[in-house]
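Student: Would you mind keeping the following structure in view while I ask a few things?
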Ligand SMILES: NC(=O)c1ccc[n+]([C@@H]2O[C@H](COP(=O)([O-])OP(=O)(O)OC[C@H]3O[C@@H](n4cnc5c(N)ncnc54)[C@H](O)[C@@H]3O)[C@@H](O)[C@H]2O)c1
C-alpha cells in the first residue's frame with residue numbers, strides 16, 4: 480500500500496458530514512478528479528439533501544444558486560499552489576455566485592482569505608460579512624485540551640481563540656472561560672497548554688508519520704462552523720464563534736484580517752478583557768499575521 484492510499488483528504492469526509500447536515504438541501508461537489516465517485520457514495524446517505532457532482536471545467540454551473548461555498552481544495556503545505564487555486568475559485572464565485580458566503584479551509588487562511596477578498600473586490604462583489612477563514616479547529620482543540628486538564632466536558636468548556644490559524648498567530652484567551660481562568664496565567668501549565676493549542680496540528684502530522692495532516696479533526700471543525708453559519712443565516716440568535724474575517728481591530732496597524740469572535744454574519748466582536756500574558760501572545764501574533772496578509776495582497780497584484 481502506498482502512502483497516497485493511506486492519506487485521507489478533507490473533502491470526502493466533509494462531503495459526507497454536509498450531506499448528513501439537515502440544513503443543507505443541496506450539495507454541489509466540484510473537484511479536479513473525485514467528485515463523481517464521492518457524490519455517488521455520499522448520495523446514498525438517508526438524509527433529504529440532494530448531491531450533484533461537477534468536473535472542475537463545470538465550476539460555473541456548480542456555483543449557480545449556491546448560498547454557502549466551502550473551499551477545502553488545495554495541496555497541504557503548498558501555500559503558493561493553494562493561493563492560485565483560491566484565486567481562480569474566487570474569480571468564478573464573483574461571476575456566478577456573488578452573494579454566496581465563502582468559507583475557506585485551504586491553508587494558510589491568513590494568506591488565502593486576503594487573496595479571495597482582493598479578487599472579489601476587483602470584481603466589485605466583495606462583502607466582508609460573507610467571507611470567512613475557518614479557524615474552528617483551534618477552538619475545538621482548545622476546548623478539548625483544556626477540558627483534559629480541568630476534568631470538564633469539552634462541550635461545556637468553550638474557549639475563545641483569536642488571531643490567525645497557525646503557530647504563534649493562534650491566541651487562546653483562556654482567562655475568558657471559567658475552566659481556563661483556573662489555569663494560572665504565565666505558569667508552566669498555562670505555557671504548555673497554550674503551546675499545545677498553537678501546535679496541536681503537529682501532533683497529528685507526526686503521528687500520521689508522513690501520510691497526512693489533521694484532516695479528520697479539520698473536517699469535523701469545518702462541518703461545525705458550517706452548521707453554525709447555516710443556523711445564523713436561518714435567523715438563530717446568539718451564535719458567536721471565532722473566525723478569520725475582515726476586522727477593524729488592528730486595521731490601524733495595517734492588519735486587515737483577524738480571527739475574532741463573530742456573531743453569525745452580523746457583528747465582529749472585540750477582544751474583551753485579556754490578561755498581560757494574553758496581550759503578549761497577541762503581540763507575537765500580529766507581525767506574522769501582517770506579513771501573510773500583505774503576501775496575500777501582493778500575490779493578487
Ligand atoms: N485549516 C486547517 O486546519 C487545515 C488542516 C488540514 C489541511 N488544511 C488545508 O486544506 C487543504 C486540503 O487539504 P487535504 O489534506 O484535504 O489535501 P488533499 O490533497 O488530500 O485534497 C485536496 C483536494 O482538493 C482537490 N483539488 C485540488 N485542486 C483543486 C481545484 N483547482 N479545484 C477543485 N478541487 C481541487 C484535490 O483533487 C483533492 O481532492 C490544503 O490547503 C491544506 O493545507 C487545512
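Residue numbers (our numbering): 480 to 780. The beta carbon of each residue, even a glycine, is placed where N, CA and C say it ideally should be. This one's a predicted model, so the numbers in the text were calculated from it and none came from an experiment.
1) Residue 779 and residue 748 look like a contact to me (Cβ under 8 Å); what is the Cβ gap, rounded to whole Å?
2) Could you name the residues that DSSP lists as bridge partners for residue 582?
3) For residue 720, does the three-state DSSP call read helix, strand or coil?
4) What is the C-beta distance between residue 662 and residue 638, in whole angstroms, given that I count them as a contact (C-beta under 8 Å)?
5) Could you spell out the range, first to last residue, of the alpha helix (DSSP H) harbouring residue 757?
6) Less than 7 Å separating the Cβ of residue 507 from some heavy atom of ligand 1?
7) Should the stretch 581-588 be called in touch with the stretch 665-677, which here means at least 3 C-beta pairs below 8 Å?
8) So, using beta-carbon positions, are residue 698 and residue 568 closer together than 8 Å?
9) When you compare only the Cα positions, how much space is there between residue 488 and residue 690?
10) Around the Cβ of residue 713, are there at least 16 other Cβ atoms within 10 angstroms (buried) or fewer (exposed)?
11) What would DSSP say about residue 639, mapped onto helix, strand or coil?
12) What does the alpha-carbon distance come out to for the pair residue 608 and residue 542?
13) Measure the alpha-carbon distance for residue 533 versus residue 627 and round it to whole angstroms.
14) Would the beta-carbon of residue 592 fall within 8 Å of that of residue 776?
15) Please report how far the alpha carbon of residue 518 lies from the alpha carbon of residue 695, in whole angstroms.
16) With DSSP run on the structure shown, which of helix, strand or coil describes residue 490?
17) Could you pull out every residue in the same chain whose Cβ sits closer than 6 Å to the Cβ of residue 648, ignoring the five residues on either side in sequence?
18) Which partner residues of residue 725 appear in the DSSP bridge assignment?
19) Which full runs of the alpha helix (DSSP H) of 4+ residues lie inside the stretch 519-576, going along the chain?
20) Alpha carbon to alpha carbon, what distance is there between residue 681 and residue 688?
21) Residue 492 to residue 499, Cα distance in whole Å?
22) By how many angstroms is the C-alpha of residue 570 removed from the C-alpha of residue 599?
Tutor: The answer reads as follows:
1) With a Cβ gap of about 28 Å, residue 779 and residue 748 do not count as contacting.
2) 549, 611
3) strand
4) 11 Å between Cβ atoms; not a contact.
5) 755-779
6) no
7) no
8) no
9) 11 Å
10) exposed
11) strand
12) 19 Å
13) 42 Å
14) no
15) 19 Å
16) helix
17) 642, 764, 767, 768
18) 736
19) 538-541, 558-575
20) 10 Å
21) 11 Å
22) 7 Å
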